[in-house]
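Here the structure is laid out as structure tokens; the discussion comes afterwards.
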Amino acid sequence: MSAEPLSQDGLAAPGPASAGPAGARPRRLAPVRAVPPPPTTPIVRPGRHAAPEDAADTPDRPTPSVPTPQPPSPQPRPEPARADETAEQHAARRVRQTWTEVEPHADELADWFAALLFSLAPDVRALFPARVTEPARRLLRSLVLPMSTVDRPGELRPMLEPLVREHRALGLRAEQYEVLGVALIGAMRRFGRSWDEPTEHAWVRAFSLAAGPMEQAVRAAAVPAVAEGTVVSHRRLSWDLAVLHVAPDAPVPHRAGQYLTVEIPQRPRMWRPLSPARAPRPDGLLEFHVRAVEGGWVSRAMVAHAAPGDRWRLGPPAGRLGLDLRSAREVLMVAGGTGGAPVLALCEDMARWARPRPCTVFVGGRVPEDLTVLDRLHELAEAHPWLAVAAVCEDDPLDERTQPGTLPDAVVRGGDWSRHDVLLSGSPAMIRATASALLVDGVALDRITYDPFTE
Ligand SMILES: NC(=O)C1=CN([C@@H]2O[C@H](COP(=O)(O)OP(=O)(O)OC[C@H]3O[C@@H](n4cnc5c(N)ncnc54)[C@H](O)[C@@H]3O)[C@@H](O)[C@H]2O)C=CC1
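Numbering (full-length UniProt numbering), first residue to last: 1 to 455.
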């Protein structure tokens, strides 16, 4: 699959040997041991795990500022530096190794990191919602991902730009990277099973190499990271589904298939990724299809309480769902539920191309009302012979527009996709099931693209 596998740790796999980023010099961090000890009361966490569009869309509640770290059992010894590796390779390898060790404690680590961060820089607290675990996890990952790649400058550089945009959208300032590093390493010292002094040096080096360019980019940024827009329409399709239009004050630059992070007035500081359902337009109008997930505060508020006139904040675009312009292969797109939004945007975009590629789209829903993009896709298919559309519905096989069943089954039944570029959009479970079925059916892993919202 493009770039990065469905990964629990969010880290890129080790790659070929190379030197560190050109010109990047390790910076000294303040001594980690100067961090005041975080408090030690137990933490209560909701059981539900976040998913794509509604990542962390769980009830907001006061954050226990007091994480309880789980001290680990037997201590694995970190491998010493190898004679044949550069300092950057050694640092990146240690980062990957230690990060794997702390994975089982990801939530506790995030809470501990947040508690340290807020104790060192109290003004950062205001950038987070009451419940910090999920945003702190995201911030941690956005720091550790480039740190694990400091030995591959070719991959590191393009990775930094969207991360910097996210940091700016969060409201982080350049001078706060120092304290982020101190909190990160302080938290890792608490949870890393094989943590020792050489490991700490490796982490400090990796952080310096990765954070230095991010800090510079934040300092150099001229335009605001966050745009604003007004909700101009809100149409409720069912009790848990709505289509909204937002008119930004100025068009938000993004590509078809990307998602934006969005903050709504009903849920301040709870940013959520949301995929525009139409190709970018000159007037900038954005269309969003939103499903209210169970217990999801933001998605519920979007469906039930958003109204024309509301002012939304729109963060930076991100995501890798898109068509590789260098490829001439035919395209298969598979979309589940509101995952149809970026797929429709991509088809609309391709309709503007001089030479669109033959494309088959499968859209699936549990019930026919879930197929919010189907009518528009049919219109496109009628106007453009390069596009074919099939719809699948788990319930209501009597709906004549759809065939019964699940998406993976219908896709595999529907043809031989081994020579296609494949784009998947939907819930993590749907993406996993469809990708597995396609792999078994002979589609190469690196031809499948999706946004790995999976945690
Ligand atoms: N860029 C992206 O990847 C985007 C992802 N999404 C995500 O898409 C999801 C859409 O949710 P809903 O509208 O509730 O639709 P849903 O999750 O109910 O999905 C409906 C379709 O997916 C199939 N499906 C669902 N789970 C499956 C499984 N385990 N195995 C096989 N097929 C499965 C169903 O058969 C049906 O065809 C959300 O998780 C949302 O966050 C939404 C927009 C963009």
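Ideal Cβ positions, reconstructed from N, Cα and C, are used throughout, including at glycine. No experiment lies behind these values; they were computed from the predicted model shown.
One or two residues paired with HIS105 in a DSSP bridge: Numbered from 1 along the sequence shown, position 105 holds the residue referred to as residue 105. Paired residue(s): none; HIS105 is not in a bridge.
Exposed or buried, which one is ARG138 when buried takes at least 16 other CB atoms within 10 Å? To locate residue 138, count along the sequence shown from 1; it is residue 138. Under this definition ARG138 is a buried residue.
Residues near ALA247 in its chain [Cβ-Cβ closer than 6 Å; skip 5 each side]: In the sequence shown, counting from the first residue as 1, residue 247 sits at position 247. Once the five neighbours on either side are set aside, the close Cβ partners of ALA247 are GLY229, THR230, VAL232 and LEU285.
To the nearest angstrom, how far is it from the Cα of GLY169 to the Cα of ASP399? Taking the first residue of the sequence shown as 1, we reach residue 169 at position 169. Taking the first residue of the sequence shown as 1, we reach residue 399 at position 399. According to the sequence shown, residue 169 is Ala rather than Gly. Cα to Cα, ALA169 sits roughly 43 Å from ASP399.
ILE264 and ALA307 closer than 8 Å at C-beta: To locate residue 264, count along the sequence shown from 1; it is residue 264. To locate residue 307, count along the sequence shown from 1; it is residue 307. It is not a contact, given that the beta carbons lie outside the stated cut-off.
In three-state terms, what does DSSP make of MET270? What you label residue 270 is simply residue 270 of the sequence shown in a count that begins at 1. Three-state DSSP puts MET270 in coil, outside helix and strand.
Cβ of MET333 within 7 Å of any heavy atom in ligand 1? Stepping through the sequence shown from its first residue, residue 333 is reached at position 333. False, no ligand heavy atom lies under 7 Å from that Cβ.
Separation of ARG311 from ALA279, as counted between CA atoms: Looking up residue 279 in the sequence shown gives position 279. Looking up residue 311 in the sequence shown gives position 311. Spanning the two alpha carbons is a distance of roughly 22 Å.
According to DSSP, is ARG48 part of a helix, a strand, or is it coil? For the purposes of this step, residue 48 is taken as residue 48 along the sequence shown, with counting starting at 1. With a pLDDT of 25 at ARG48, under the threshold of 50, the modelled position of this residue cannot be trusted; read the value that follows with caution. Correct three-state label for ARG48: coil.
Given the structure, does GLU394 come close to ligand 1, in the sense that its CB is under 7 Å from one of the ligand's heavy atoms? For the purposes of this step, residue 394 is identified with residue 394 of the sequence shown, where counting begins at 1. Under cutoff, so the answer is yes.
Determine contact between the stretch 137-157 and the stretch 203-214, defined as no fewer than three beta-carbon pairs at a distance below 8 Å. yes
At a cut-off of 7 Å, is PRO436 close to ligand 1 when judged by its beta-carbon and the heavy atoms of the ligand? Here residue 436 refers to the residue found at position 436 when the sequence shown is read from its first residue. Before going on, a small fix: residue 436 reads as Ser here, not Pro. No, the beta carbon of SER436 sits no closer than 7 Å to any heavy atom of ligand 1.
Determine the direct distance from the alpha carbon of ASP375 to that of ARG219, and round the result to whole angstroms. Counted from its first residue, the sequence shown places residue 219 at position 219. Counted from its first residue, the sequence shown places residue 375 at position 375. ARG219 and ASP375: Cα-Cα distance of roughly 46 Å.
Backbone secondary structure at ILE431 - three-state DSSP: By one-based count along the sequence shown, residue 431 stands at place 431. Three-state DSSP puts ILE431 in a helix.
Which stretch, first to last residue, makes up the alpha helix (DSSP H) that contains GLY212? The count along the sequence shown starts at 1 and reaches residue 212 at position 212. Looking at the DSSP string, the run of the alpha helix (DSSP H) that includes GLY212 is 197-220.
LEU346 and ALA435 closer than 8 Å at C-beta: Walking along the sequence shown from the start, residue 346 turns up at place 346. Walking along the sequence shown from the start, residue 435 turns up at place 435. No.
Tell me whether the beta-carbon of PRO356 lies closer than 8 Å to the beta-carbon of MET350. Translated into the one-based positions of the sequence shown, residue 356 becomes position 356. Translated into the one-based positions of the sequence shown, residue 350 becomes position 350. Cβ distance < 8 Å, so PRO356 and MET350 count as in contact.
Where TRP271 and CYS393 are concerned, what is the direct C-alpha to C-alpha distance, given to the nearest angstrom? On the sequence shown, residue 271 is found 271 positions in, with the first residue counted as 1. On the sequence shown, residue 393 is found 393 positions in, with the first residue counted as 1. Their Cα atoms are separated by approximately 31 Å.
Does the beta-carbon distance from ALA187 to TRP112 come in below 8 Å? If you number the sequence shown from 1, residue 187 lands on position 187. If you number the sequence shown from 1, residue 112 lands on position 112. Result yes, Cβ atoms of ALA187 and TRP112 sit closer than 8 Å.
Should LEU439 go down as buried or exposed, given a rule of 16 or more other Cβ atoms within 10 Å for buried? Walking along the sequence shown from the start, residue 439 turns up at place 439. With fewer than 16 other Cβ atoms within 10 Å, it is exposed.
Apart from the five residues just before and just after GLY442, which ones in its own chain have a Cβ nearer than 6 Å to its Cβ? Working through the sequence shown from its first residue, we reach residue 442 at position 442. Hits under 6 Å: SER418.
Which one of GLN216, ARG269 and LEU172 has the shortest CA to CA distance from ALA225? Along the sequence shown, one-based indexing puts residue 225 at 225. Considering only alpha carbons, the answer is LEU172.
Helix, strand or coil at GLY23 according to DSSP, with G and I counted as helix: Along the sequence shown, one-based indexing puts residue 23 at 23. Confidence in GLY23 is poor, its pLDDT being 35 and thus under 50, which makes the residue's placement unreliable; the coordinate value appears in the next sentence. Here GLY23 sits in coil by DSSP.
Just confirm the distance between the C-beta atoms of LEU321 and SER194, as a whole number of angstroms; I'd bet it's less than 8 Å. As a first step, residue 321 must be located in the sequence shown, where it is residue number 321. As a first step, residue 194 must be located in the sequence shown, where it is residue number 194. Not quite, the Cβ-Cβ distance comes to about 37 Å (not below 8 Å), so this is no contact.
In DSSP terms, what TRP312 is bridged to: Here residue 312 is taken as the residue at index 312 of the sequence shown, counted from 1. TRP312 pairs with GLY229.
Candidates PRO428, VAL144, LEU120 and TRP239, of which the one nearest ALA292 by Cα: Here residue 292 is taken as the residue at index 292 of the sequence shown, counted from 1. Measuring from the Cα of ALA292, the nearest candidate turns out to be TRP239.
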